[in-house]
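*Asks:* For our numbering, add 81 to where a residue sits in the sequence shown, where the first one is 1. Using N, Cα and C, we set each Cβ at its ideal position, and we do this for glycine too.
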Amino acid sequence: MGKVVEFSRALGPHAPKPLWRHVLGEVLRRERLDQERILTEVAAAAGVSPQYLSEIERGRKEPSSEILGSVADALGLELFDVVRRVGERLGARRDEDRREAERRERLLVEASLAFRADSALQHPLDLTGADAAGTMARGGATVAAPSDAFLLAA
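What follows is the structure, given as structure tokens:
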């Protein structure tokens with residue numbers, strides 16, 4: 082059998098989409114840390130409890146627009162800047178998911194092109210760098226990925 086390499090489970094058509102509140106929390110926490118400020122300082126400036134701000138940053142709470150505006154102000158940002166950053170991150174993740182799906186599709190096409198029905202011996206498919214494993218035998222080939230297996234028959 083060929084080399085087996087794990088697919089990232091975070092990507093692909095069946096991966097859960099990131100939630101707005103998770104990405105929002107990442108953006109707010111990254112900005113606070115980049116400013117080298119502590120949670121209690123930003124929470125006090127925003128007029129919220131440190132516990133609530135922590136929950137927002139961890140993606141456990143979705144703040145109202147008023148609270149989000151206060152936190153943005155406390156960080157010296159405009160609300161628009163926060164929303165733009167969240168949108169950019171969500172867009173980047175969507176693009177990563179699309180590229181991963183295209184890569185998997187190319188893998189299957191390459192594996193099917195490599196298949197030869199008259200192959201008498203079972204031998205590994207050359208999927209170097211393809212993050213999957215496969216074998217060929219007379220009459221069929223199998224390509225396996227962690228969550229998918231495909232039988233390519235002649």
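#1: Do residue 131 and residue 105 have their beta-carbon atoms positioned less than 9 Å apart in this structure?
#2: Check the C-beta distance from residue 166 over to residue 108 and give it rounded, since I have them as a contact under 8 Å.
#3: Are three or more beta carbon pairs between the region 115–131 and the region 139–158 nearer than 8 Å?
#4: Is residue 139 buried or exposed, if buried means 16 or more other CB atoms sit within 10 Å of its CB?
#5: Here's a check: name, in chain order, each residue in its chain whose Cβ is nearer than 6 Å to the Cβ of residue 170, leaving out the five neighbours to either side.
#6: Does residue 137 pass the burial test, meaning 16 or more other C-beta atoms within 10 Å, or should it be called exposed?
#7: Would you report the Cα separation of residue 177 and residue 188, rounded to the nearest angstrom?
*Replies:* Taking the coordinates as given:
#1: Taking 9 Å as the Cβ cut-off, residue 105 and residue 131 do not qualify as a contacting pair.
#2: Contact flag correct, Cβ pair sits at about 5 Å.
#3: Here the region 115–131 makes contact with the region 139–158; the two share three or more CB pairs at distances below 8 Å.
#4: Counting Cβ neighbours within 10 Å, residue 139 comes out exposed, since fewer than 16 surround it.
#5: Contacts found: 104.
#6: Buried, by the Cβ-count rule.
#7: The alpha-carbon separation between residue 177 and residue 188 amounts to approximately 16 Å.
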